[in-house]
Structures are given as structure tokens and as C-alpha cells.
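So the sequence shown is numbered by full-length UniProt numbering: it starts at 1 and just counts up by one.
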Amino acid sequence: MTTSQQVSNISIFLSKVFITLLVIYGIGRIRSAIIHCHLQKIHQRQKQEKEEKERRDIEEKENKQEQNDSKEKDIQIKESRSKIVQPEIMLCLPVNSSKNETPRQDERKKQFTNKEKEEEWRCVCETGFLPPGLLKNFGNMEAMVRMSTGQCYHKTT
């Protein structure tokens with residue numbers, strides 16, 4: 001073998017080695033690019049799952065808050081309904097009136113003190129409903145039921 005053939009064989013061998021190294025390097029770059037893309041997809045998926053979880057948590061908290069608010073409103077409505085007891089309408093006559101002026105003898109009798117005038121009344125109670133603030137005439141008397149207190153205020157007409 002001549003030197004030129006040896007040089008030629010060495011150059012072919014080196015070119016094959018160089019091409020092989022380039023192919024291996026190229027395959028490594030392609031592989032790292034594929035791995036990088038895969039990791040980006042995984043990271044993006046995790047980020048979306050985290051955002052969805054946060055959104056679901058916020059929605060659950062809002063739903064729980066709405067449920068608690070509606071429960072509180074229901075409780076308040078029930079309490080307000082239980083507080084609004086239909087008051088008794090008082091039919092009252094002055095204490096010093098005679099017995100024959102009492103509207104009904106068989107009804108429950110009761111003493112009532114009017115705090116504004118410090119006058120005492122002998123009252124006969126009838127169950128019924130009188131809207132708040134409404135004055136109702138009972139002969140020579142007016143009775144006004146206040147729903148907030150359930151008390152009956154009276155005045156002579």
C-alpha cells in the first residue's frame with residue numbers, strides 16, 4: 001500500500017468517525033429537544049391542574065358561603081317568624097268602670113298599665129290579629145298593637 005492509499009484510507013476512516021460523531025451529536029440534540037418539549041408539556045399540564053384546583057376551591061368556598069348565608073337567612077327568617085307572634089288584641093276599660101260595662105264576662109281579665117299616662121286599665125283579651133300601627137275602635141276605646149313589642153297601647157277616644 002502506498003502512502004497515498006494509506007492517507008486516503010485514514011481520511012475515509014476519519015470522515016466516517018466524524019460523520020458518526022455528528023450523527024450521535026444530532027441524535028443527542030434531537031433527544032434533548034424531545035425531552036425538553038415533554039417536560040414543558042408536563043409542566044404546563046401541572047400548571048393547568050393547579051389553576052383548576054384553585055378555581056374549584058374558590059367555587060367550593062363561594063358555594064359554602066352562599067349555603068351558609070342562605071342557612072343564616074333561613075334561621076333569621078325562622079327566628080323573625082317565631083318572634084312575630086300574633087299578639088292578643090286588648091279590649092280595655094278604665095279600672096273604675098262598672099262591671100256591667102265589661103264587654104264579655106267569660107273572657108280572661110287582666111290588669112294593664114299604660115306607661116305613658118300611668119293609668120291602669122282592666123283588659124279583656126281576645127285572640128286575633130291587628131296589623132302593627134293600626135288603631136281599632138272598641139266602643140269608646142282604641143287599641144293599637146305594636147308588633148315589635150307585642151304590647152297593646154290604649155287611649156280613650
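We treat Cβ as the ideally placed atom computed from N, Cα and C, and that holds for glycine.
> For residue 2, which three-state DSSP category applies?
Replying inline: coil
>> For a test of the three-state rule: what should DSSP assign to residue 119, helix, strand or coil?
In response: In this prediction, residue 119 has a pLDDT of 37, which is less than 50 and means its spatial position is unreliable; what the coordinates show is noted afterwards. Strand.
>> Can you list, in chain order, the residues of its chain with a C-beta nearer than 8 Å to that of residue 58? Leave out the 5 residues immediately preceding and following it.
In response: none
> What residues in its chain sit with their C-beta under 7 Å from that of residue 75, if we drop five residues either side in the sequence?
Replying inline: none
>> Using only the alpha-carbon positions, how far apart do residue 24 and residue 56 sit?
In response: 47 Å
>> Taking the beta carbon of residue 6 as the centre, do at least 16 other beta carbons fall within 10 Å, making it buried, or is it exposed?
In response: exposed
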